[in-house]
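K.L.:
Before anything else, here's the structure in question.
Protein chains: 2
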Amino acid sequence: MGSDKPYKLDEQIGFILRRATQRHLALFSEAIPVVTTTQFAVLARLQELGPMSQNHLGRETAMDAATIKGVVGRLAKLGFVETSHDPNDRRRVIVALTPAGHQVYAQMVDQALAVSDQTLAPLTEQERARLLALLSKLV
Amino acid sequence: MGSDKPYKLDEQIGFILRRATQRHLALFSEAIPVVTTTQFAVLARLQELGPMSQNHLGRETAMDAATIKGVVGRLAKLGFVETSHDPNDRRRVIVALTPAGHQVYAQMVDQALAVSDQTLAPLTEQERARLLALLSKLV
DNA sequence: CGGCATTTGTTTGCATGCAAATCAGTTTGA
DNA sequence: TCAAACTGATTTGCATGCAAACAAATGCCG
Numbered sequence: 000m001g002s003d004k005p006y007k008l009d010e011q012i013g014f015i016l017r018r019a020t021q022r023h024l025a026l027f028s029e030a031i032p033v034v035t036t037t038q039f040a041v042l043a044r045l046q047e048l049g050p051m052s053q054n055h056l057g058r059e060t061a062m063d064a065a066t067i068k069g070v071v072g073r074l075a076k077l078g079f080v081e082t083s084h085d086p087n088d089r090r091r092v093i094v095a096l097t098p099a100g101h102q103v104y105a106q107m108v109d110q111a112l113a114v115s116d117q118t119l120a121p122l123t124e125q126e127r128a129r130l131l132a133l134l135s136k137l138v
Numbered sequence: 000m001g002s003d004k005p006y007k008l009d010e011q012i013g014f015i016l017r018r019a020t021q022r023h024l025a026l027f028s029e030a031i032p033v034v035t036t037t038q039f040a041v042l043a044r045l046q047e048l049g050p051m052s053q054n055h056l057g058r059e060t061a062m063d064a065a066t067i068k069g070v071v072g073r074l075a076k077l078g079f080v081e082t083s084h085d086p087n088d089r090r091r092v093i094v095a096l097t098p099a100g101h102q103v104y105a106q107m108v109d110q111a112l113a114v115s116d117q118t119l120a121p122l123t124e125q126e127r128a129r130l131l132a133l134l135s136k137l138v
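So the protein sequences, as listed, match chains A and B. Numbered according to numbering that gives the first Met the number 0, the first sequence terminates at residue 138, and the numbering increases by one at each position without gaps. Numbered according to numbering that gives the first Met the number 0, the second sequence terminates at residue 138, and the numbering increases by one at each position without gaps.
Set out below in structure tokens:
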């Protein structure tokens with residue numbers, strides 16, 4: 000028959016994750032209006048790892064092929080990345096930061112760190128480390 | 000100049016939250032294909048609190064007015080909720096579960112709890128409680 | 001070598017999710 | 001009371017995010 004535990008929405012991990020994400024996104028877009036969190040993730044990965052194929056970039060930033068295409072397209076329209084064809088593999092689209100992309104990343108990275116800090120502001124230093132460790136285990 | 004801390008995408012709370020959410024959504028949609036997590040949240044709140052206005056329902060489920068309208072519309076098309084006008088306030092749209100909505104909620108609630116469990120599967124009982132407590136503080 | 005599986009990328013369709021503008025109805029306060 | 005402020009709802013526009021179907025190019029294996 001019925002379950003022994005009641006279902007309390009406010010205690011479900013999915014609901015809490017969604018609300019925490021909402022809060023983080025709001026803080027980010029307020030601090031860094033020029034790009035979104037996902038767009039910034041792309042800039043960060045390209046900065047870190049250098050140019051790579053579009054699908055590879057998607058895997059590095061946890062976006063599927065359809066999603067990364069849209070993100071790259073919008074970043075290209077903003078002038079922050081540019082795409083070229085891989086001469087060794089005609090399927091591949093190579094995505095690279097433009098000088099403007101490098102610059103905006105460099106200008107924004109401190110603010111991005113500040114947003115991460117703001118998001119975790121209700122927690123002590125120890126709690127932050129614990130939360131990140133626990134959350135990381137879920138993936 | 001520059002920041003003292005390097006920016007590591009994999010350690011940013013926003014990126015980790017996004018990936019954890021992705022994992023949870025994948026588990027949910029596999030276990031419960033008929034409705035999405037947000038749609039299920041709406042069913043749960045209506046079950047818990049009874050009929051209420053559309054915007055109120057949005058606040059109860061952490062969705063803004065534009066989003067809750069779409070979710071309610073899709074649930075109505077599925078036959079799980081129905082809307083009516085509040086005779087005391089002609090602006091309001093009252094949203095209520097249909098018998099089919101009650102039924103699908105009752106049938107799925109155990110599975111929804113199982114999905115929450117699956118999402119937290121990598122953690123011990125103590126770690127789960129800690130994670131939920133820490134995450135809840137962020138909101 | 002040649003066919004088949006794999007990989008890369010694109011497109012379509014659907015479902016959130018938020019900002020901003022707008023309209024209708026209700027409440028409040030001078 | 002009546003205008004202003006507020007609330008509820010809708011619409012538009014933009015940005016993820018995923019599934020599925022497809023085409024093109026590459027890799028592998030018999």
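By construction, the Cβ of each residue, glycine as well, lies at the ideal position given by its N, Cα and C atoms. Just so it is clear, the structure is predicted and the values come from calculations on it, not from any experiment.
1. Considering only C-alpha positions, which residue in the set B:Pro50, B:Val34, B:Gly78 is nearest to Asp85 (chain B)?
2. In the segment 8-25 of chain A, which residues sit with their C-beta less than 7 Å from some C-beta in chain B, listed in chain order?
3. Quick check on the burial criterion: 16 or more other C-beta atoms within 10 angstroms. Buried or exposed for Leu119 (chain B)?
4. Where Glu59 (chain B) and Val34 (chain A) are concerned, what is the direct C-alpha to C-alpha distance, given to the nearest angstrom?
5. First and last residue of the beta strand (DSSP E) that includes Glu126 (chain A)?
6. For Arg73 (chain B), which of B:Gly100, B:Asn87, B:Ala61, B:Glu47 has the nearest alpha-carbon?
7. Report the partner residues of Met51 (chain A) according to the DSSP bridge assignment.
8. Determine, using beta-carbon pairs with one atom in the segment 120-137 of chain A and one in the segment 7-24 of chain B, whether at least three such pairs fall under 8 Å.
9. Check each candidate in B:Lys7, B:Asp88, B:Ala30 and name the one with the smallest Cα separation from Ser115 (chain B).
10. In chain A, what lies closer than 7 Å to Ser135 (chain B) by C-beta?
11. Say whether chain B places a C-beta atom closer than 9 Å to the C-beta of Thr83 (chain A).
P.N.:
For this structure:
1. Reading the second sequence from its first residue, position 86 is the one you call residue 85 (chain B). Ranking B:Pro50, B:Val34, B:Gly78 by Cα distance to Asp85 (chain B) puts B:Pro50 first.
2. Listed in sequence order: Leu8, Glu10, Gln11, Ile12, Gly13, Phe14, Ile15, Leu16, Arg17, Arg18, Ala19, Thr20, Gln21, Arg22, His23.
3. In the second sequence, the residue the question calls residue 119 (chain B) occupies position 120. Flag for Leu119 (chain B) reads buried.
4. Here residue 59 (chain B) refers to the residue found at position 60 when the second sequence is read from its first residue. Here residue 34 (chain A) refers to the residue found at position 35 when the first sequence is read from its first residue. A straight-line Cα-Cα distance of about 29 Å links Glu59 (chain B) and Val34 (chain A).
5. Here the question's residue 126 (chain A) lines up with position 127 in the first sequence. Not the beta strand (DSSP E): Glu126 (chain A) falls in the alpha helix (DSSP H), residues 124-137.
6. Translated into the one-based positions of the second sequence, residue 73 (chain B) becomes position 74. From the listed residues B:Gly100, B:Asn87, B:Ala61, B:Glu47, the smallest Cα separation to Arg73 (chain B) is found for B:Gly100.
7. As a first step, residue 51 (chain A) is located in the first sequence; it is residue number 52 there, counting from the start. The secondary-structure analysis by DSSP pairs Met51 (chain A) across a beta bridge with A:Val94.
8. A contact exists between the segment 120-137 of chain A and the segment 7-24 of chain B.
9. Here residue 115 (chain B) refers to the residue found at position 116 of the second sequence. Residue B:Ala30 is the option with its Cα nearest to Ser115 (chain B).
10. Counting from one through the second sequence, the residue named residue 135 (chain B) turns up at place 136. What Ser135 (chain B) touches in chain A: Ile15.
11. The residue you call residue 83 (chain A) lines up with position 84 of the first sequence. Here residue 83 (chain A) is Ser; the residue named in the question, Thr, does not match the sequence. It does not: the Cβ of Ser83 (chain A) has no partner Cβ on chain B nearer than 9 Å.
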